[in-house]
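K.L.:
Numbering (this note's numbering), first residue to last: 663 to 909.
C-beta atoms are modelled at their ideal positions from N, C-alpha and C, and glycine is treated no differently.
So, in C-alpha cells, the structure goes:
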C-alpha cells in the first residue's frame, strides 16, 4: 500500500495561505484544509470558504457535521471545487464543535458516523476519509476505536486517520486536548494489524521525519500537525525521504 505523508487539518492554521506556503516546501505531501462546517459550505460564501490555488494539489477538504444528507451535499460541492479528497472530522474536541454535534463527540455514535460516510461516498467519486481519536472521555480505546473503524470502513471510507490520543469533551480546552491526554501509538498499530488491507494513518505529537519514518513501519500514513508550523523547514525533506525524488 502506498505510504503517505500529510499535513493535518488545523483550525486557524491551514488556510489557503498556509497551504500555499507548505506546498513550496513539499510538492508531494497531502494537504488538508481547516475544518469547514457542512452548513457553511451549503449556505455560505463558497469561494471564500473553499477557494484554493491549483498549486496546492493534492489537497483535501475537511468537513464538520453529523447530518448525512448535508454532508453528502457539502461533499458534492467540494468535489465540484476540485478537491482531491473529502475528510470527515471525528476528532475535534472544541466546545463550539460539540454544540453542533460533530467532531470528537461523534466517537460516541459510530453508527451515525458510518451513515455519514456512506452518504458522502454515494455522492462523490473522489476518496472519502475520516479523521478520529482513539476514544473520548471514559471510553475504552480498544472497543471504541475498533467499532468506529469497522463501521466507517464497511461504509466505504478510503482511509482512516487516527490522532493517537483520547479527547476529553469536558474539562480540557482544545489546546490541552493536544497535549494532556497521553499518546498511545501502539493502539493505532494494533488497529492496522487488524485491518491489513485498509489504509490506516497516524497523527499526534510527531516532530521529525525520522519519527515519521519509524511510524511508517507500522501504518500506511503519517500526518504532521504542529511540527508543520513550528518547524516548517522539515517539510523540505519529505519528497526525497518518502517519495524518492532527487534532493
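Pick from 880, 858, 901, 740: whose alpha carbon is nearest that of residue 699?
P.N.:
Of the listed residues, the one whose Cα sits closest to residue 699 is 740.
K.L.:
Just to confirm before moving on: does the CB-CB distance between residue 880 and residue 851 stay below 7 angstroms?
P.N.:
For residue 880 and residue 851, yes; Cβs fall inside 7 angstroms.
K.L.:
Skipping 5 residues on each side, what residues in its chain have a beta carbon closer than 6 angstroms to that of residue 891?
P.N.:
Around residue 891: 675.
K.L.:
So, helix, strand or coil for residue 814, using DSSP?
P.N.:
Helix, per DSSP.
K.L.:
Do residue 748 and residue 790 count as a contact pair if the criterion is CB distance below 7 angstroms?
P.N.:
In contact: residue 790 and residue 748 (Cβ atoms closer than 7 angstroms).
K.L.:
Look at the alpha carbon of residue 872 and the alpha carbon of residue 705, and state the distance between them as a whole number of angstroms.
P.N.:
Taking the straight line joining both Cα atoms gives about 43 angstroms.
K.L.:
Could you check which residue in 720, 751, 824 has the C-alpha nearest to that of residue 685?
P.N.:
Answer by Cα proximity: 720.
K.L.:
Could you tell me whether the stretch 834-841 touches the stretch 798-812, using the rule of 3 or more Cβ pairs below 8 angstroms?
P.N.:
They do not touch, by the three-pair rule.
K.L.:
With a threshold of 7 angstroms on Cβ separation, who are the neighbours of residue 869 within its own chain once the five nearest residues in sequence on each side are excluded?
P.N.:
For residue 869, where only same-chain residues beyond five positions count, the Cβ hits under 7 angstroms are 889.
K.L.:
Verify whether the separation of the beta carbon atoms of residue 678 and residue 714 is less than 7 angstroms.
P.N.:
Yes; because the gap between Cβ atoms is below 7 angstroms, this pair is in contact.
K.L.:
DSSP on residue 787, reduced to helix/strand/coil?
P.N.:
Looking at residue 787 - three-state DSSP - the assignment turns out to be coil, as it is neither helix nor strand.
K.L.:
Between residue 897 and residue 866, how many whole angstroms is the CB-CB distance? I'm expecting something under 8 angstroms.
P.N.:
About 18 angstroms; that fails the 8 angstroms criterion.
K.L.:
Relative to the C-alpha of residue 778, which residue among 667, 755, 804, 751 is closest?
P.N.:
When only C-alpha atoms are compared, the closest one is 751.
K.L.:
My guess is that residue 681 and residue 901 are in contact by the Cβ rule of under 8 angstroms, so how many angstroms apart are they, rounded?
P.N.:
Wrong, their Cβ atoms sit about 16 angstroms apart, outside the cutoff.
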